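Sequential numbering from 329 applies to the sequence shown in the working numbering.
Read the structure below first, then the notes.
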Amino acid sequence: MNSTTASPEIAKKSDANFSLFNKLESYEHEQVVICSEPAAGLKAIIAIHDTTLGPALGGVRMWPYNSEEEAMHDVLRLSRAMTYKAAISGLNFGGGKAVIIGDPHSDKSEKLFRAFGRYVDSLGGRYLTAEDVGMEMQDMEWIHMETKFVTGIPRELGGSGDPSPVTARGVYMGMKACANKAYGHDSLEGLTIGIQGAGHVASYLAELVHKEGAELLISDIYQEKAKKLAEKVDAKVVGPDAIYEQDLDIFSPCALGAVINDQTIVELNCDIVAGGANNVLEDEDKHGQLLVDKGVIYAPDYVINAGGIINISSELEGYNEERALGKASRIYDVMLDILDYAEKQDLPPFKAANILAEQRIKEIGNLQSIRATNSHLSGRLGEIYFNDRN
Ligand code: NAD
């Protein structure tokens, strides 16, 4: 059957495929893997964005997405951000991410995570997975039973464990760099900081800024969680929707993405937005520019939450917590460089960060044209090459 006689159903299907490929092309993804294992209840997507600098490294998130399109959109955005995150942090990794569609409170099982682990293994190291939202150590252990391409595994198994303390250190240092730019000093003492989320990253961050003498406001969709953290760090609890309109010096989104959007941006009343969540801006160009227009300094999320990837990449070199924390502290200088570059070039900070990350990918990628070793040439090709040279 040629295209002129194709049924409307077939035409519709090919349109849908076509738009997916368009999306992959515009985001510049290398590969997307759909993982389906009905017997294990697994519906997952692995997205590999760019492997110029090294294997794609990024966590797996479990979330009850409203639709498959929403899950696809999330994994494409998140994996792309991982490429930039690794590049700006000076790491030799590419960007990847995975999402498992399901409710982390009710849909977890050993067979589900082991099925996912097998898909990760099938990629032969092109994608290295790790813990993200909705995942726990036990889940990572199940994945690890099926593949060695997993990072952030428990300390007892030779891994680096929970990356959240190192992520929080990076967010804290990035926040201080922004304070330096806004107030001329990097002390957070006496500043009012609103933290959205009372999860892993938020809890470690809250302790760091509390120790430094900041006043804290905390929100979470689970009030009990917010209350528990607030008691620890002497903070006030505010409702999940009320956090945006608070009179703050720093707003720190540490829950989910797209929280700076058309609705919330008008409510925001702060000097700095600096948090641990990924993809904070719903529309990078539009909302990044609107923050500049409002006079708000925005710390690009992937820059200051890079402590997590710094931690898991340290695991691959032989883990040492002090070294990982030390590397995460360098986010202070990276953030200052970005803010300086943004000022000089008259660009919003997120654009400045993107340019600096892309520059590194290009520069290091170009080095690959220099043949440093022929050890990867095996079999007949290797023989010919070596014989020719001898
Ligand atoms: P987590 O699951 O421990 O915590 C997230 C918290 O946010 C939960 O308590 C949840 O109830 C709450 N939440 C969800 N929606 C909310 C809303 N609208 N308002 C208020 N609270 C809400 O996750 P985490 O590990 O702390 O990660 C938080 C964010 O940081 C995520 O976006 C994650 O991708 C990002 N991140 C985490 C790490 C890490 O090391 N854990 C590293 C880099 C980036």
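Glycine included, C-beta positions come from ideal geometry on N, C-alpha and C.
Predicted, not measured: the structure shown is a model, and the values here were computed from it.
Does DSSP put Q574 in a helix, a strand or coil? Here residue 574 is taken as the residue at index 246 of the sequence shown, counted from 1. Q574: coil per DSSP, three-state reduction.
Pairwise C-alpha distance: E464 and D575: Translated into positions along the sequence shown, residue 575 becomes position 247. Translated into positions along the sequence shown, residue 464 becomes position 136. Distance from the CA of D575 to the CA of E464, rounded to the nearest whole angstrom, comes to 34 Å.
On the CB-based measure, 16 or more other CB atoms within 10 Å of its CB, does L370 come out buried or exposed? Against the sequence shown, residue 370 aligns to sequence position 42. With 16 or more Cβ atoms within 10 Å of its Cβ, L370 is classed as buried.
DSSP state of T332 mapped onto helix, strand, coil: As a first step, residue 332 must be located in the sequence shown, where it is residue number 4. Only weak support is given to the placement of T332: the predicted model assigns it a pLDDT of 33, under 50, and the value that follows is read from those uncertain coordinates. Of the three classes helix, strand and coil, the one that applies to T332 here is helix, per DSSP.
Using CA atoms only, rank isn't needed, just tell me which of E612, E650, G382 is closest to L419. Your numbering for residue 419 matches position 91 in the sequence shown. In this structure, G382 is the residue among E612, E650, G382 with its C-alpha nearest to the C-alpha of L419.
I'd like to know whether the C-beta atoms of V461 and M400 end up nearer to each other than 9 Å. For the purposes of this step, residue 461 is taken as the residue at position 133 of the sequence shown. For the purposes of this step, residue 400 is taken as the residue at position 72 of the sequence shown. No, Cβ-Cβ distance for V461 and M400 is not below 9 Å.
Between the C-alpha atoms of D621 and L536, what's the straight-line distance to the nearest angstrom? Indexing the sequence shown from 1 puts residue 621 at position 293. Indexing the sequence shown from 1 puts residue 536 at position 208. One C-alpha to the other measures close to 30 Å.
The alpha helix (DSSP H) with D665 in it runs from where to where? Within the sequence shown, numbered from 1, the residue matching residue 665 stands at position 337. For D665, the enclosing alpha helix (DSSP H) starts and ends at 659–673.
Could you check how far apart the C-beta atoms of G422 and A384 are, in whole angstroms? I think they sit under 8 Å. Here the question's residue 422 lines up with position 94 in the sequence shown. Here the question's residue 384 lines up with position 56 in the sequence shown. Contact between G422 and A384 holds: their C-beta atoms lie close to 4 Å from each other, under 8 Å.
Would you check whether the ligand NAD has a heavy atom nearer than 8 Å to the C-beta of N394? Taking the sequence shown and counting its residues from 1, one reaches residue 394 at position 66. Between the ligand NAD and the CB of N394, the shortest heavy atom gap is not smaller than 8 Å.
Contact belief for G486 with G480 at Cβ below 8 Å, rounded distance in angstroms: Here residue 486 is taken as the residue at index 158 of the sequence shown, counted from 1. Here residue 480 is taken as the residue at index 152 of the sequence shown, counted from 1. Actually they are not in contact, since the Cβ atoms of G486 and G480 sit about 12 Å apart, beyond 8 Å.
At which residues does the beta strand (DSSP E) containing I521 begin and terminate? As a working mapping, residue 521 is identified with position 193 in the sequence shown. Per DSSP, the continuous beta strand (DSSP E) segment holding I521 begins and ends at 520–524.
For the ligand NAD, is there any heavy atom lying closer than 8 Å to the beta carbon of D459? Residue mapping note: residue 459 aligns to position 131 of the sequence shown, counting from 1. For the sequence presented, residue 459 should be read as Glu rather than Asp. It does: the Cβ of E459 is within 8 Å (strictly closer) of some heavy atom of the ligand NAD.
Reducing DSSP to helix, strand and coil, say where G616 ends up. In the sequence shown, residue 616 corresponds to position 288, counting from 1. Residue state, collapsed to three classes: helix.
In three-state DSSP terms, what is P628? On the sequence shown, residue 628 is found 300 positions in, with the first residue counted as 1. Coil.
Please classify H538: does DSSP put it in a helix, a strand, or coil? Taking the sequence shown and counting its residues from 1, one reaches residue 538 at position 210. H538 sits in a helix when the DSSP states are folded into three classes.
Who are the Cβ neighbours of Q359 in its own chain at under 7 Å, not counting the five residues just before and after it? If you number the sequence shown from 1, residue 359 lands on position 31. Cβ neighbours of Q359 beyond the five flanking positions: I376.
Closer than 8 Å: is that where the CB of R442 sits relative to any heavy atom of the ligand NAD? For the purposes of this step, residue 442 is taken as residue 114 along the sequence shown, with counting starting at 1. No, since every heavy atom of the ligand NAD falls outside the 8 Å radius drawn around the Cβ of R442.
CB of I571 to nearest heavy atom of the ligand NAD: below 8 Å? Reading the sequence shown from its first residue, position 243 is the one you call residue 571. Using a cutoff of 8 Å, the CB of I571 counts as near the ligand NAD, since one of the ligand's heavy atoms is closer than that.
Could you tell me the distance, in whole angstroms, from the CA atom of E517 to the CA atom of D668? Stepping through the sequence shown from its first residue, residue 517 is reached at position 189. Stepping through the sequence shown from its first residue, residue 668 is reached at position 340. Roughly 24 Å between the two C-alpha positions.
Run through DSSP, which three-state label would E543 get? Sequence index remark: in the sequence shown, residue 543 carries index 215 (1-based). Note: E543 maps to strand in three-state DSSP.
Would F727 be called buried (16 or more neighbouring beta carbons within 10 Å of its own) or exposed? Residue 727 cannot be examined here, being either before or after the span of the chain that is shown, 329 to 718.
Only counting the same chain, and skipping five residues up and downstream in sequence, which positions put a Cβ closer than 7 Å to that of S492? Here residue 492 refers to the residue found at position 164 of the sequence shown. Cβ within range, chain order: H528, V529, Y532.
Considering Cα atoms alone, identify which of L352, V624, N682, E643 is closest to K509. Stepping through the sequence shown from its first residue, residue 509 is reached at position 181. That would be V624, whose Cα lies nearest to the Cα of K509.
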